[in-house]
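In my numbering, the protein residues as written are 4 to 263.
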């Protein structure tokens, strides 16, 4: 009976010991379990590839300077006949038209004396029944001018009839104008006048004065009234000696000036 109790006690002790052993083992196992460190995933850092910025140089467009359009007035024809818009295809036509408009049908032309291919001159004579008489009264200088190459009378020149003031093609005011030169005429009478180029009927003024007589050239001075002229107009200044004959123009000279 005692042995049986002792056995029961032993078995109980063993059982208890086993249980403790199991707890210890379990505890040891739990304690001995190593906790694996947390897996740290390496973060892959992708370094961005920096592409250098392409710098395109700014295109500089040169500033365009627009010049103001300046219209330059066309220079007037340096001539006493005809008007700039009239075209004579021969020197004879231009010279004949000048004489007829200014002096009537009396004066006649001599032979044309060519200069270069675009210029020449005519002597002018008094006439009787259409035939030239006496010494030349003046010399007409002609030239082709303008885009149409028309013939123009540039001036009329003479040794005994001149216009020295003002000079040809100088700008003069639309005002009283002093005209000087030398002249000769029958009984020392000379006539000085001013009219529009190409229009002898449009006469601004005419003055009769005294100078030389019988071919003797002496000075004269007159004042012509140009107050009614317009800026830009071409004006003819004409000096001629008196003769008393319709078919004789007298010794004469003519030059152009511009109203400025």
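Yeah, the Cβ is synthetic: ideal placement off N, Cα and C, and Gly gets one too.
Candidates the options: which alpha carbon is nearest residue i's?
i	options	result
residue 103	173, 252, 256 and 261	252
residue 99	81, 117 and 128	128
residue 143	97, 170 and 178	97
residue 255	261, 245 and 202	245
residue 132	110, 116, 115 and 121	110
residue 134	178, 108 and 89	108
residue 257	169, 177 and 191	169
residue 178	191, 166, 226 and 121	226
residue 183	206, 90 and 220	220
residue 190	88, 243 and 250	243
residue 152	89, 126, 229 and 238	89
residue 87	165, 161 and 202	202
residue 248	165, 228 and 136	136
residue 224	126, 120 and 165	165
If I follow the unbroken beta strand (DSSP E) through residue i, where does it start and stop?
i	result
residue 260	255-262
residue 140	134-148
residue 172	Element bounds for residue 172: n/a, residue is neither H nor E.
residue 153	153-160
residue 202	202-213
residue 87	Neither: residue 87 is in no beta strand (DSSP E) and is coded neither H nor E.
residue 2	This structure gives no information on residue 2, because the portion of the chain shown stretches from 4 to 263.
residue 129	122-131
Let's see if you can read the secondary structure: which residues bound the alpha helix (DSSP H) around residue i?
i	result
residue 225	No alpha helix (DSSP H) holds residue 225; the beta strand (DSSP E) holding it covers 221-228.
Do residue i and residue j have their C-beta atoms closer together than 8 angstroms?
i	j	result
residue 156	residue 101	yes
residue 85	residue 123	no
residue 113	residue 150	no
residue 130	residue 159	no
residue 218	residue 163	yes
residue 222	residue 173	no
residue 214	residue 187	yes
residue 260	residue 240	yes
residue 262	residue 200	no
residue 154	residue 91	yes
In the structure shown, what three-state DSSP assignment does residue i receive?
i	result
residue 101	helix
residue 94	helix
residue 190	helix
residue 115	coil
residue 249	coil
residue 69	Caution is warranted here: a pLDDT of 42 is assigned to residue 69, below 50, making its placement in the model unreliable, and the coordinate value is therefore given only provisionally. Three-state result, residue 69: coil.
Would you call the region 205-215 and the region 179-197 in contact, with 3 or more CB pairs under 8 angstroms?
-> yes
Are at least three pairs of beta-carbons, each pair with one atom in the region 140-147 and one in the region 227-239, less than 8 angstroms apart?
-> no
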